[in-house]
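Colleague:
Number of protein chains: 2
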Amino acid sequence: MRTTPGTGRAAPTNRRITSYDVARAAGVSRSAVSLVLNGRADGVISAENQHAVRAAAKRLGYRPNRVARSLRDRRTHLLGVVTDVTSGPYGGGMITGATIRAAESDHLLLVMDARGRQQDEEAIGALLARQVDGLIIAPGSLCEWRPGEAFGQVPGILLDATDPDGRATCVVSDEVGGGHAATRLLLDAGHRDIALLTGLPAQVATGRRLAGHELAMSEVGGACRVITCGWDIDDGLREGARLLDGPDRPTGIVCANDRVAAGVMLAAARAGVDVPGELSVVGYDDDPSIAAQLDLSTIGLPHRAMGERAVELLLAAIAGQRLEPGELLVPAPVVERGSVRAR
Amino acid sequence: MRTTPGTGRAAPTNRRITSYDVARAAGVSRSAVSLVLNGRADGVISAENQHAVRAAAKRLGYRPNRVARSLRDRRTHLLGVVTDVTSGPYGGGMITGATIRAAESDHLLLVMDARGRQQDEEAIGALLARQVDGLIIAPGSLCEWRPGEAFGQVPGILLDATDPDGRATCVVSDEVGGGHAATRLLLDAGHRDIALLTGLPAQVATGRRLAGHELAMSEVGGACRVITCGWDIDDGLREGARLLDGPDRPTGIVCANDRVAAGVMLAAARAGVDVPGELSVVGYDDDPSIAAQLDLSTIGLPHRAMGERAVELLLAAIAGQRLEPGELLVPAPVVERGSVRAR
DNA sequence: CTGTTAGCGCATTCAC
DNA sequence: GTGAATGCGCTAACAG
Chain A
0 MRTTPGTGRA APTNRRITSY DVARAAGVSR SAVSLVLNGR ADGVISAENQ
50 HAVRAAAKRL GYRPNRVARS LRDRRTHLLG VVTDVTSGPY GGGMITGATI
100 RAAESDHLLL VMDARGRQQD EEAIGALLAR QVDGLIIAPG SLCEWRPGEA
150 FGQVPGILLD ATDPDGRATC VVSDEVGGGH AATRLLLDAG HRDIALLTGL
200 PAQVATGRRL AGHELAMSEV GGACRVITCG WDIDDGLREG ARLLDGPDRP
250 TGIVCANDRV AAGVMLAAAR AGVDVPGELS VVGYDDDPSI AAQLDLSTIG
300 LPHRAMGERA VELLLAAIAG QRLEPGELLV PAPVVERGSV RAR
Chain B
0 MRTTPGTGRA APTNRRITSY DVARAAGVSR SAVSLVLNGR ADGVISAENQ
50 HAVRAAAKRL GYRPNRVARS LRDRRTHLLG VVTDVTSGPY GGGMITGATI
100 RAAESDHLLL VMDARGRQQD EEAIGALLAR QVDGLIIAPG SLCEWRPGEA
150 FGQVPGILLD ATDPDGRATC VVSDEVGGGH AATRLLLDAG HRDIALLTGL
200 PAQVATGRRL AGHELAMSEV GGACRVITCG WDIDDGLREG ARLLDGPDRP
250 TGIVCANDRV AAGVMLAAAR AGVDVPGELS VVGYDDDPSI AAQLDLSTIG
300 LPHRAMGERA VELLLAAIAG QRLEPGELLV PAPVVERGSV RAR
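First to last, the sequence lines map onto chains A and B. Residue 342 is where the first sequence ends in numbering that gives the first Met the number 0, and the numbering goes up by one at each step. Residue 342 is where the second sequence ends in numbering that gives the first Met the number 0, and the numbering goes up by one at each step.
#1: Which residues of the stretch 107 to 118 of chain A have a Cβ closer than 8 Å to any Cβ of chain B? Give them in chain order.
#2: What residue range is occupied by the uninterrupted alpha helix (DSSP H) comprising B:I156?
#3: Using only CA atoms, which one of A:G90, A:A309, A:A67 and A:T250 lies nearest to A:V280?
#4: Straight-line CA distance for B:L195 to B:C169?
#5: Is it true that the stretch 127 to 143 of chain A meets the stretch 152 to 172 of chain A, where meeting means three or more beta-carbon pairs spaced less than 8 Å apart?
#6: I'd like to know whether the C-beta of B:N64 is nearer than 8 Å to at least one C-beta of chain A.
#7: Could you please give the first and the last residue of the uninterrupted beta strand (DSSP E) stretch that includes A:D41?
#8: Pairs of beta-carbons, one from the stretch 329 to 339 of chain B and one from the stretch 279 to 296 of chain B, closer than 8 Å: are there three or more?
#9: Buried or exposed: where does B:A122 fall if 16 or more other Cβ atoms within 10 Å of its Cβ makes it buried?
#10: Measure from the C-beta of B:L196 to each C-beta in chain A and report whether the shortest distance is under 8 Å.
#11: Please go through the same chain and pick out, in chain order, the residues whose beta-carbon is closer than 8 Å to the beta-carbon of A:E307, but skip the five residues on each side of it.
#12: B:A318 CB to nearest chain A CB: under 8 Å?
#13: What three-state label does DSSP hand A:S288 in the structure shown?
#14: Put B:E277 into one of helix, strand or coil per three-state DSSP.
#15: Going by CA-CA distance only, name the one from B:R248, B:V259 and B:I289 that's closest to B:A270.
#16: Beta-carbon within less than 8 Å of A:A240's beta-carbon, same chain only, minus the 5 sequence neighbours each way: which residues are those?
#17: Report the residue from B:L126, B:G177 and B:T85 whose alpha carbon sits nearest the alpha carbon of B:T75.
#18: By Cβ distance below 8 Å, which residues in the same chain neighbour B:I232 in space, the five residues on each side in sequence not counted?
#19: Below 8 Å between beta carbons is the criterion; list the residues of the stretch 145 to 162 of chain A that meet it against any residue of chain B, in chain order.
#20: Please list, in chain order, all residues of the same chain as A:V43 whose beta carbon is under 7 Å from its beta carbon, the five residues on each side excluded.
#21: Is A:G229 buried or exposed, if buried means 16 or more other CB atoms sit within 10 Å of its CB?
#22: Which chain B residues are close to A:S172, counting only those with a beta carbon under 8 Å from its beta carbon?
#23: Mind pulling the beta strand (DSSP E) runs of 3 or more residues that sit fully within the stretch 170 to 220 of chain B?
#24: In whole angstroms, give me the CA-to-CA distance for A:D41 and A:V110.
#25: Please report whether the beta-carbon of A:T182 lies at a distance below 8 Å from any beta-carbon of chain B.
#26: Got a sec: which bits of the stretch 66 to 77 of chain B sit with their beta carbon under 7 Å from any beta carbon on chain A, in order along the chain?
#27: When you check each C-beta in the stretch 283 to 300 of chain A against every C-beta of chain B, which residues fall closer than 8 Å?
#28: Between the Cα of A:G211 and the Cα atoms of A:E323, A:E120, A:A201 and A:A331, which residue gives the shortest distance?
#29: For a contact meaning CB atoms closer than 9 Å, what does B:T17 contact in chain A?
#30: Could you have a look at A:E323 and say whether DSSP puts it in helix, strand or coil?
#31: Residue range of the alpha helix (DSSP H) that B:R116 falls in?
#32: In its own chain, which residues sit with a C-beta less than 7 Å from the C-beta of B:M216, not counting the 5 before and 5 after it?
#33: Please name the residue, chosen from A:A316, A:D162 and A:G79, that lies closest to A:A128 on a Cα-to-Cα basis.
#34: What residues in the stretch 31 to 52 of chain B have a beta carbon less than 7 Å from any beta carbon of chain A?
#35: If the cut is a Cβ gap below 8 Å, which residues of chain B does A:P127 touch?
#36: Nearest CA to the CA of B:L314: which residue from B:I156, B:A46 and B:V66?
So this is what it looks like as structure tokens:
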């Protein structure tokens, strides 16, 4: 019986409704309440009492205490997320996708913002202490992340990151496919004289996109100029100008990202070269505040789908399925706009 | 004693370390472990035993189970967040700020993505079932949000949203101050012939920025053209062109946001009007992929500070402090770049 | 068909 | 100084 008042502890300011309150109101036992509310009552509890329980629960506004249930089940239905993506302008879509997919299975996201490997370890520790059922690590922008001590205590996934040792399960955008698709956009429009402005080699994405690009070129038996450029509008402006003023101007340029593409388009405008009339341009990222504005054909980053896939994998692993090491590639959507013209 | 094996329940796949394990390893009682690890041991537990406990805890990798603690304390140290901001490109900073400030006080964010009033109520219910200590509602982009039934069960704050009934505590950007500052940027540079391109009146921000603008103009005893424009680059392009081709061209234009400003600058370029030489332009939002690129002077959105303030207020409320109804205005940072020139 | 019991892991009395 | 007992709210097993 819990009729005795709390012993010596500070009295709760405003006690919440518990299953005991519902049981008393419905004139049944707590087990009956649990049975009814969890759908295990049929053939066990009389229809009459079932109704009484439901009515009482509703009237009282009873909400089963998930903390108590978690303690008992040794399962919190909580997914821990360590991320840096909320800071940046993009990538929030991963959180959105993850949240939504998780909610569909009655799971919630416990989010920690962290930057730097040291803090990551602490963050994971904090999440583990909260008894999260699984872990998602999303440091942002396809970086490398080497799992440490704490990672591995529960099922865990790397999101938009790769494990250099190849032991972890990673969900990443298909950069090779994206690079291939970007180039294919130009190839399929009949272009053969193509230049590629790549990002910085330090970034994982750069090499992969380049590989996809080369694959596409090899499919048509062609070759093209590859220029290490950078990620910013200035870089695109500089290299774009050089390309357009040079001896043999390409008819199409594949850019490292949309900012670079914007720079190229600006250079073209200055040089009096019409896009897409005389020059076709392809970007990457589908940057929300650039690509649509510039009517730029580009390759999107499937952030939301990545978040969804990560949660799906994680939930399966929590359910006991084995987590395969390696990378799960999420296809990058091709966004066709008006900056490419057939020739 | 818990020496008897679990009764009939599915055995935990990999039992975690509990305080009992630590106690046994250190040769003391569980209470001793609790006392030591919570800093209540001095003068109660021998230094020798204290050391033994700490050593054992470290060696075993003991992490106190926060779920159990939450159940006992009736306090989860969890802050529920209902938001839509992760979807959009901006506003993620609010989550970042909130996460960081919360973490400083050993609190974590439980995030639910929701759009639409109906789902909000459900989301809050789910969060309440998780026994969150407080609630933050951040529907995004300064909209109106009327608290429903569930809101109010625990301390709650509206973030980047206002309560039309004025009952809730809201944390919002100081839009009046921002509008004032934007105009002041031009006024202080000596401009008197100023045009204002406002956003759509349906948005709360529009009216407030306008009020700030008018306040600034009244300070110098001036008046100016106010033109309802919109939020996009096209709108800026259209209205900018009209203004520049018109009879008396202004020397400065305050824009609804950075996208509109970009449109205006584009119109200026087309009309052969030099910015800032012949025309000064001010934007709003400090849009990360526009403002810096265009060297645009603008007013920032203090997203991160807002998230921080919301958590601070919430934690204070959870600690027992009264939550004052009304709006807490977070100052909007003035970002001076090169698009304004003195005349 | 119902009510009682036990225990999830923790912190806190209160006897020893 | 320490250890046994208690209860947070819940559910599953078991005895009535």
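Backbone N, C-alpha and C fix where the C-beta goes; we use that ideal spot for every residue, glycine too.
Modeller: A quick look at the data gives this:
#1: L107, L108, L109, V110, M111 and D112
#2: That residue, B:I156, is in no alpha helix (DSSP H); its beta strand (DSSP E) goes G155 to L158.
#3: A:T250
#4: 28 Å
#5: yes
#6: yes
#7: Where A:D41 is concerned, there is no enclosing beta strand (DSSP E), given that its DSSP letter is neither H nor E.
#8: yes
#9: buried
#10: Chain A, which has no Cβ nearer than 8 Å to the Cβ of B:L196, makes this no.
#11: G96, A97, I99 and R100
#12: no
#13: coil
#14: coil
#15: B:R248
#16: In its chain, beyond the 5 residues on either side, A266, R269 and A270 have a beta carbon closer than 8 Å to the beta carbon of A:A240.
#17: B:L126
#18: R258, V259, A261, G262 and L265
#19: Going along the stretch 145 to 162 of chain A in chain order, one finds no residue with a Cβ nearer than 8 Å to chain B.
#20: L34
#21: buried
#22: Under the 8 Å cutoff, chain B gives no residues; its nearest Cβ is about 17 Å from A:S172.
#23: 193 to 197
#24: 39 Å
#25: No, A:T182 lies away from the interface with chain B (no Cβ there is under 8 Å from its Cβ).
#26: V66, A67, S69, L70, R73 and T75
#27: D286, P287, S288, I289 and Q292
#28: For the residues A:E323, A:E120, A:A201 and A:A331, the minimum Cα distance to A:G211 belongs to A:A331.
#29: Chain A residues near B:T17: none, gap ~11 Å exceeds 9 Å.
#30: coil
#31: R116 to A128
#32: Answer for B:M216: T182, A222 and C223, listed in chain order.
#33: A:G79
#34: Listed in chain order, the positions of the stretch 31 to 52 of chain B with a beta carbon within less than 7 Å of a beta carbon of chain A would be empty, since no residue qualifies.
#35: In the sequence under discussion, the amino acid at residue 127 of chain A is Leu, which differs from the Pro named in the question. Ordered by position in chain B, the residues that pass the 8 Å Cβ test against A:L127 are R62.
#36: B:I156
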